[in-house]
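Each residue of the sequence shown is one higher than the one before, starting from 84 at the first, in the working numbering.
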Amino acid sequence: GGSCFYGCTSLTSITIPNSVTTLGGSCFYGCTSLTSITIPNTINSLGDDCFNHCTSLTSITIPNSVTSLGGSCFLKCTSLTSITIPNSVTTLGGSCFSYCTSLTSITIPNSVTTLGSNNCFRGCTSLTSITIPNSVTFLGGYSFGGCTSLTSITIPNSVTKIFNGCFTGCKSLTSINCLAVSAPATYGDTFGDSSSTYTGSASTGTKYLYMPSNATGYEGTTGDGWAVLLNSTKCNFKISKTL
Numbered sequence: 084g085g086s087c088f089y090g091c092t093s094l095t096s097i098t099i100p101n102s103v104t105t106l107g108g109s110c111f112y113g114c115t116s117l118t119s120i121t122i123p124n125t126i127n128s129l130g131d132d133c134f135n136h137c138t139s140l141t142s143i144t145i146p147n148s149v150t151s152l153g154g155s156c157f158l159k160c161t162s163l164t165s166i167t168i169p170n171s172v173t174t175l176g177g178s179c180f181s182y183c184t185s186l187t188s189i190t191i192p193n194s195v196t197t198l199g200s201n202n203c204f205r206g207c208t209s210l211t212s213i214t215i216p217n218s219v220t221f222l223g224g225y226s227f228g229g230c231t232s233l234t235s236i237t238i239p240n241s242v243t244k245i246f247n248g249c250f251t252g253c254k255s256l257t258s259i260n261c262l263a264v265s266a267p268a269t270y271g272d273t274f275g276d277s278s279s280t281y282t283g284s285a286s287t288g289t290k291y292l293y294m295p296s297n298a299t300g301y302e303g304t305t306g307d308g309w310a311v312l313l314n315s316t317k318c319n320f321k322i323s324k325t326l
């Protein structure tokens, strides 16, 4: 049930039997000594805040019986370096992996259609690469905000909307590959919210926005959309229609 092992700060490992089908909200919240856990393939969902603040958890394998990861499921799991998401999962809740500061890479399966409403990978400062599947239709607000080590990203042609602050503070991002012919709509400061948090800077080498040769709409019309990338005093990206 909810908060079942909440705050068990000395718990180091646990094996859950096959009779269990659900891990409730905040089930292992604050189990700061938990380094390993075995999740049986009878589990179908991980509740909100399920492993929130499990700061010693280094890796986890989610069984292919699980269809959704709740909001803030792995929030501030600061020792988590790797995770395997099975192709049974369709939804990653809001703030699902926020501030997992040791996570270096992640592959999201094609089954996933929703990357949380907001903050899915916010503050993942060690994340250098991520694969977004062609099943995702929008990127929520601050999805990658503060991912300071992210150097490149490919946005699939299924994405039609990118929300507020999605790439704010991604200062190492030097290439964006957007496969959509028609530029996804952007909302409110997609690439930053002040001169100090825009993607990159005008003086840090050449940065490219890659898109299909017949693409339209990437030149942007407002200061908070695609136009920000092309602003010589902010990001200074170059357009390359080569995909």
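All residues carry an ideal CB built from backbone N, CA and C; glycine is no exception.
Values in this document were obtained by computation on a predicted structure and should not be read as measured data.
For residue i, the first and last residue of its enclosing beta strand (DSSP E)
{"i": "Leu292", "result": "290–294"}
{"i": "Cys261", "result": "258–261"}
{"i": "Phe227", "result": "Per DSSP, Phe227 belongs to no beta strand (DSSP E) and is neither H nor E."}
{"i": "Ile122", "result": "Element bounds for Ile122: n/a, residue is neither H nor E."}
{"i": "Ser241", "result": "It is not in any beta strand (DSSP E) - Ser241 carries neither H nor E in the DSSP assignment."}
{"i": "Ser142", "result": "142–144"}
Span of the alpha helix (DSSP H) around residue i
{"i": "Ala310", "result": "310–313"}
Backbone secondary structure at residue i - three-state DSSP
{"i": "Ser86", "result": "coil"}
{"i": "Ile166", "result": "strand"}
{"i": "Asn247", "result": "coil"}
{"i": "Ile97", "result": "strand"}
{"i": "Ile191", "result": "coil"}
{"i": "Leu222", "result": "strand"}
{"i": "Ser265", "result": "strand"}
{"i": "Asn201", "result": "strand"}
{"i": "Leu106", "result": "strand"}
Beta carbon proximity, residue i to chain B, threshold 7 Å
{"i": "Cys156", "result": "Judged by its chain identifiers, the structure shown contains no chain B, having just a single protein chain."}
Opposing strand residues paired with residue i [DSSP bridges]
{"i": "Ser151", "result": "Ser128, Thr174"}
{"i": "Lys324", "result": "Met294"}
{"i": "Ser212", "result": "Ser188"}
{"i": "Thr92", "result": "BP columns for Thr92 are empty, so no partner."}
{"i": "Thr299", "result": "Ser265"}
Inter-residue CB distance, residue i and residue j (contact presumed, cutoff 8 Å)
{"i": "Thr187", "j": "Ser209", "result": "5 Å"}
{"i": "Gly90", "j": "Gly108", "result": "About 14 Å; that fails the 8 Å criterion."}
{"i": "Thr92", "j": "Asn127", "result": "Not really, about 28 Å apart at Cβ, beyond 8 Å."}
Residue i: CB within 6 Å of a non-hydrogen atom of the ligand ZN
{"i": "Asp131", "result": "Absence of the ligand ZN from the depicted structure is noted, as is the absence of any ligand whatsoever, leaving it without description."}
Taking 8 Å as the threshold, find out whether the stretch 291–304 comes into contact with the stretch 245–255 through three or more Cβ pairs. Contact between the stretch 291–304 and the stretch 245–255 is absent, because fewer than three Cβ pairs lie under 8 Å.
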